[in-house]
Every structure is written in structure tokens, then in C-alpha cells.
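Working notes, structure below.
Numbering (my numbering), first residue to last: 412 to 606.
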């Protein structure tokens with residue numbers, strides 16, 4: 412059984428076309444990205460942020476986490492590749508910077524069941540959640556140049572992944588909030604308004 416101590420984590424922090432400075436948007440009194448980062452730091456010995464150069468300086472002011480400059484500008488897939496290239500971990504957990512409700516128990520369940528090229532959960536629609544998954548580092552390095560669609564999901568179809576249906580995490584996270592992300596000002600206002 413793989414333990415979280417043997418897995419490191421990565422969070423891509425890029426520029427959003429739908430929401431200006433999304434990672435830094437105020438959510439519950441602090442920048443959006445910090446919510447997910449703080450959950451990841453409870454689980455993993457190291458979390459690497461792969462930052463767009465335009466946001467990097469501001470992100471560095473807010474955290475002591477390891478930061479890599481995203482000089483590929485290839486989205487989350489490029490960020491995962493850069494983290495893999497700069498890591499010695501066997502596996503990497505990845506979560507987007509706009510996922511403030513990451514569920515610690517769900518992530519620990521994934522860590523305990525990782526094998527092969529990684530582990531991914533299916534969402535309520537039966538589709539994989541590629542930005543809430545664990546990837547084998549060497550697989551990412553080998554597969555990156557050949558991923559056809561340029562998306563992290565392309566890795567899942569190319570590899571040998573442990574795939575769990577959404578029912579596996581219902582006991583930890585009944586509403587599957589761990590997958591919830593905030594993409595627009597409207598979504599941010601809607602979630603804030605419900606509180």
C-alpha cells in the first residue's frame with residue numbers, strides 16, 4: 412500500500428481566460444488557491460505549485476510552498492510534466508487551484524489504492540476527474556510528448572489506471588464537493604451567496 416508520505420503533490424496555477432487572477436480571488440477571506448493548498452499540505456510532505464510567470468511573484472508572497480515557473484505554457488498537462496521533471500516522487504497527486512473543497516479523506520483513500528500508472532475517480536457523470544488524480548511520475552515523463560489532445564485526460568486513456576466509481580468516495584464526501592471548482596465570477600458569487 413502506497414502511503415501519502417511517498418506521494419508528492421502538484422497544483423497548476425495558470426492564467427484563467429474566464430476569470431481574471433482566479434487563483435488570487437477572495438474566497439472566505441483568503442485567496443482561492445490557498446484553500447486547496449492547505450488541504451494538500453495536511454496530506455503530502457511536499458506540494459509544488461507550477462505558476463504562470465505573471466502570477467508567480469504574487470503567489471510567492473502568500474506561501475512558502477515549492478514553486479516552479481511554468482515556462483511551457485501548456486496548461487495543466489504541462490504543469491504536471493514540469494512537476495514530474497523536477498520531482499523524485501514515484502507518484503504525483505494533482506489538483507487544480509480553483510478547487511477549494513478538496514476532501515482529505517477522499518485523497519487519502521486514493522493514495523492508499525494507487526497502483527500502475529495511477530488512480531482516478533469517476534464523477535457523477537461517469538467521467539474521470541483528471542485534475543483530481545494521481546499519476547506515476549515516470550509514466551507522465553514518457554507519455555507527455557505523445558498526448559494527442561494536449562490535456563491531462565489524455566494520459567488516463569493512454570495508461571493503466573486504477574479507476575474508482577464515484578460511489579467509493581460517497582462515504583467521505585456525500586456531495587462530491589472535492590471535485591467542485593470555481594471557474595467564473597458568477598460561480599464564485601453563487602457559492603459565496605449560499606453560505
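Using N, Cα and C, we set each Cβ at its ideal position, and we do this for glycine too.
Inter-residue Cα distance where the pair is residue i and residue j
i, j, result
"residue 513", "residue 584", "10 Å"
"residue 526", "residue 515", "19 Å"
"residue 461", "residue 582", "32 Å"
"residue 472", "residue 423", "17 Å"
"residue 562", "residue 439", "30 Å"
"residue 638", "residue 497", "The question about residue 638 has no answer, for the chain in this structure spans 412 to 606."
"residue 560", "residue 540", "16 Å"
"residue 469", "residue 506", "20 Å"
"residue 488", "residue 425", "11 Å"
"residue 435", "residue 598", "15 Å"
"residue 502", "residue 601", "35 Å"
"residue 442", "residue 486", "20 Å"
"residue 537", "residue 499", "32 Å"
"residue 467", "residue 437", "17 Å"
"residue 574", "residue 474", "33 Å"
"residue 445", "residue 453", "12 Å"
"residue 556", "residue 504", "20 Å"
Delimiting residues of the alpha helix (DSSP H) encompassing residue i
i, result
"residue 541", "Where residue 541 is concerned, there is no enclosing alpha helix (DSSP H), although the beta strand (DSSP E) it sits in stretches over 539 to 547."
"residue 444", "443 to 454"
"residue 522", "515 to 523"
"residue 490", "486 to 496"
"residue 566", "564 to 569"
Test item: CB-CB of residue i and residue j under 8 Å
i, j, result
"residue 645", "residue 490", "No information on residue 645 is available, as it lies outside the stretch 412 to 606 that the chain covers here."
"residue 551", "residue 495", "yes"
"residue 530", "residue 544", "yes"
"residue 542", "residue 554", "no"
"residue 603", "residue 430", "no"
"residue 522", "residue 418", "yes"
Element boundaries [beta strand (DSSP E), containing residue i]
i, result
"residue 423", "418 to 424"
"residue 529", "529 to 533"
"residue 479", "477 to 480"
"residue 460", "458 to 462"
"residue 580", "Looking at the DSSP string, residue 580 is not in any beta strand (DSSP E); the run it does join, the alpha helix (DSSP H), is 578 to 581."
"residue 573", "572 to 575"
"residue 504", "502 to 506"
Nonlocal neighbours in the same chain, by C-beta distance under 8 Å from residue i, ignoring five residues either side
i, result
"residue 579", "520, 532"
"residue 464", "480, 481, 482"
"residue 587", "534, 535, 577, 580, 581"
"residue 517", "532, 580, 583, 584, 589"
Own chain partners of residue i with C-beta closer than 6 Å, once the 5 adjacent residues on each side are dropped
i, result
"residue 427", "433"
"residue 409", "The question about residue 409 has no answer, for the chain in this structure spans 412 to 606."
"residue 528", "547, 550, 570, 571, 572"
"residue 476", "458, 460"
7 Å CB neighbourhood of residue i in its chain, flanking five on each side removed
i, result
"residue 450", "513, 515"
"residue 493", "461, 479, 481, 483"
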